[in-house]
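Data first, discussion second: the structure below is written as structure tokens.
There are 2 protein chains.
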Amino acid sequence: MQPSPLLAELIAALQFLPGVGPKSAQRIAFHLLEHGRDKARRLAEVLERAASDIGHCQVCRTFCESEICELCQSPSRDAATVCVVESPLDVVAIEQAADFRGRYFVLMGRLSPIDGVTPASIGIPLLEQRLLAGEIRELIVATGSTMEGEATAHYLREIAREAGVRATRIAHGVPIGGELEFVDSSTLSRALSSRHEY
Amino acid sequence: MQPSPLLAELIAALQFLPGVGPKSAQRIAFHLLEHGRDKARRLAEVLERAASDIGHCQVCRTFCESEICELCQSPSRDAATVCVVESPLDVVAIEQAADFRGRYFVLMGRLSPIDGVTPASIGIPLLEQRLLAGEIRELIVATGSTMEGEATAHYLREIAREAGVRATRIAHGVPIGGELEFVDSSTLSRALSSRHEY
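Protein chains in written order, with this note's numbering: chain F, 195 to 392; chain V, 195 to 392.
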């Protein structure tokens, strides 16, 4: 016996969520029907509205339903220091962790010619324009340390150099509080080769 | 910096889903916005429809958008053998696992006077009616082996007895393929006390 057609549809649709397989979809569906119909309706309404209304900030490209995001509008953030990240999640992480008072530029991806991701598709022309306009004094490159992240970082360094803007890269190394024995070998090797005077 | 108001709303609403905390809600939200707006819209539509249209089967109480569920309507299922379970998930589990050809009665809960769950709130009057009507010859009690599940089982046995209907309980014991050393002690103790001639 299958669940009723509508229930089967619901279970299938819940599997659109990343990390949700058939079993959890079933559990979520039954849970919502049993204990949370109002919540299910509310989630439906917000999902629909978010999918339709959330676009990208015209300055930094992060997700945002207005033309320019709050952070890009904020006069208390230093417009001359721009941190380039791959995803809006990275902005959230940096905001939670650090006392960074500059602004961001969100690539919404990273260079990957194999997958057809070119500089243009991650908004680099927009960044280049701002670099050339002279409003940025330091470009902090905070893309990931994957191969694509590093390639993107190199590309960003080059366009900064051409525009005469100082480019910096966030430090990579052993995490704070980490025991050396538990650190993976590529991190450890990077930490050693990036050693500095002490 | 907070995510934009609508994004914050979406992240909050995604936390209505069981097992989804703030971090995963954030990840799900960004994923849907980046890669799955159509899927998000489709999920919203199905959620809304399911929350409004899915009710309970009038015979067995399982979730279903029609008056009587497919299984209760099916002429190939034996109406004289009824398996009582706590939740629609149990029906799915039994249907997947076993060659059971009878029908179900879904309590949508279990007796728990402390939480105000009375026989009436888990549909027992409806079941009693059917027992007294004489259509059921065997009532298989498949509620859980928690304290409330057992209390519910006892109650069901009593009402079956009063109606002169045979009640049976699913077997509890060591799982098939399980090594004794990994079986929890209450299961093992139950398996020993329920030993049978061999």
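Each residue gets a CB set at the ideal place from its N, CA and C atoms; glycine is no exception. Keep in mind it's a predicted model, so treat the numbers as computed, not measured.
Where residue i falls, given that 16 or more other Cβ within 10 Å makes a residue buried
i, result
"Arg295 (chain V)", "exposed"
"Ala291 (chain V)", "exposed"
"Tyr298 (chain V)", "buried"
"Arg389 (chain V)", "exposed"
"Arg355 (chain V)", "exposed"
"Phe376 (chain F)", "exposed"
"Pro269 (chain F)", "exposed"
"Thr312 (chain V)", "exposed"
"Glu280 (chain F)", "buried"
"Ser387 (chain F)", "exposed"
"Pro197 (chain F)", "buried"
"Ile308 (chain V)", "exposed"
"Ile316 (chain V)", "buried"
"Ile370 (chain F)", "exposed"
"Leu374 (chain F)", "exposed"
"Asp284 (chain F)", "buried"
"Ala314 (chain V)", "exposed"
Beta strand (DSSP E) segment containing residue i, residue limits
i, result
"Asp284 (chain V)", "Per DSSP, Asp284 (chain V) belongs to no beta strand (DSSP E); it is in the alpha helix (DSSP H), Pro282 to Ala291."
"Cys394 (chain F)", "Not covered by the structure: residue 394 (chain F). The range shown for chain F is 195 to 392."
"Thr381 (chain V)", "Unbroken run through Thr381 (chain V) is the alpha helix (DSSP H), Ser379 to Ser387; no beta strand (DSSP E)."
"Ile334 (chain F)", "Glu332 to Val335"
"Gly296 (chain F)", "Gly296 to Val300"
"Ala327 (chain F)", "No beta strand (DSSP E) contains Ala327 (chain F), which DSSP labels as neither H nor E."
"Ala365 (chain F)", "Careful: Ala365 (chain F) lies outside any beta strand (DSSP E) and carries neither H nor E."
Chain-order list of residues whose beta-carbon lies under 6 Å from that of residue i (same chain, five-residue window excluded)
i, result
"Glu259 (chain F)", "Asp247 and Ile248"
"Arg360 (chain V)", "Glu332"
"Ile364 (chain F)", "Ala336"
"Glu322 (chain V)", "Ile353"
Own chain partners of residue i with C-beta closer than 7 Å, once the 5 adjacent residues on each side are dropped
i, result
"Phe257 (chain V)", "Ile248, His250 and Pro282"
"Leu241 (chain F)", "none"
"Ser339 (chain V)", "His366"
"Leu326 (chain F)", "Ala357"
"Gln252 (chain F)", "Glu261 and Ile262"
"Leu204 (chain F)", "Ala223"
"Glu228 (chain F)", "none"
Range covered by the alpha helix (DSSP H) that runs through residue i
i, result
"Phe224 (chain V)", "Pro216 to His229"
"Ala206 (chain F)", "Pro199 to Leu208"
"Ile351 (chain F)", "First, the residue type needs correcting, since residue 351 (chain F) is Arg and not Ile in the sequence shown. Here the alpha helix (DSSP H) through Arg351 (chain F) covers Met341 to Glu356."
"Cys266 (chain F)", "Glu264 to Gln267"
Expected contact under 8 Å - CB spacing of residue i and residue j to nearest Å
i, j, result
"Ala234 (chain V)", "Leu226 (chain V)", "4 Å"
"Leu211 (chain F)", "Ile222 (chain V)", "5 Å"
"Ala385 (chain V)", "Gly367 (chain V)", "4 Å"
"Cys277 (chain V)", "Ile288 (chain V)", "7 Å"
"Leu185 (chain F)", "Arg243 (chain V)", "No answer is possible for residue 185 (chain F): it lies beyond the span of chain F, which begins at 195 and ends at 392."
"Glu344 (chain F)", "Ser306 (chain F)", "About 12 Å; that fails the 8 Å criterion."
"Ile330 (chain V)", "Ala274 (chain V)", "6 Å"
"Ala245 (chain V)", "Arg231 (chain F)", "4 Å"
8 Å CB neighbourhood of residue i in its chain, flanking five on each side removed
i, result
"Arg271 (chain V)", "Leu265, Arg295, Gly296 and Arg297"
"Ile318 (chain V)", "Leu301, Tyr349, Leu350 and Ile353"
"Thr362 (chain F)", "Glu332, Leu333, Ile334 and Val335"
"Arg304 (chain V)", "Glu280, Val311, Ile316, Thr337, Gly338, Thr340, Glu342, Gly343, Ala345 and Thr346"
"Leu382 (chain F)", "Val368 and Leu374"
"Gln209 (chain V)", "Gly215, Pro216 and Ala219"
Near the ligand ADP: residue i beta-carbon under 7 Å from a heavy atom
i, result
"Glu280 (chain V)", "This structure lacks the ligand ADP, and indeed carries no ligand of any kind."
Residues, ordered as in the chain, of the stretch 264-280 of chain F that lie near chain B by beta-carbon distance below 9 Å: No chain B is part of this structure, whose protein chains are labelled F and V.
Beta carbons nearer than 8 Å to chain V: which residues of the stretch 298-325 of chain F have them? Met302
Near-chain F residues of the stretch 234-261 of chain V (beta-carbon distance less than 8 Å), N- to C-terminal order: Ala234, Arg235, Arg236, Leu237, Ala238, Glu239, Val240, Leu241, Glu242, Arg243, Ala244, Ala245, Ser246, Asp247, Ile248, Phe257, Cys258, Glu259 and Ser260
Residues of the stretch 195-221 of chain V with a CB closer than 9 Å to any CB of chain F: list them in chain order, please. Met195, Gln196, Pro197, Ser198, Pro199, Leu200, Leu201, Glu203, Leu204, Ala206, Ala207, Leu208, Phe210, Leu211, Pro212, Gly213, Val214, Ser218, Gln220 and Arg221
At a Cβ cut of 7 Å, what residues of the stretch 369-382 of chain V count as close to chain F, listed as they run along the chain? Near chain F, meaning a CB-to-CB distance below 7 Å, no residue of the stretch 369-382 of chain V qualifies.
Tell me which residues of the stretch 334-354 of chain V have at least one Cβ-Cβ distance to chain F shorter than 8 Å, keeping chain order. none
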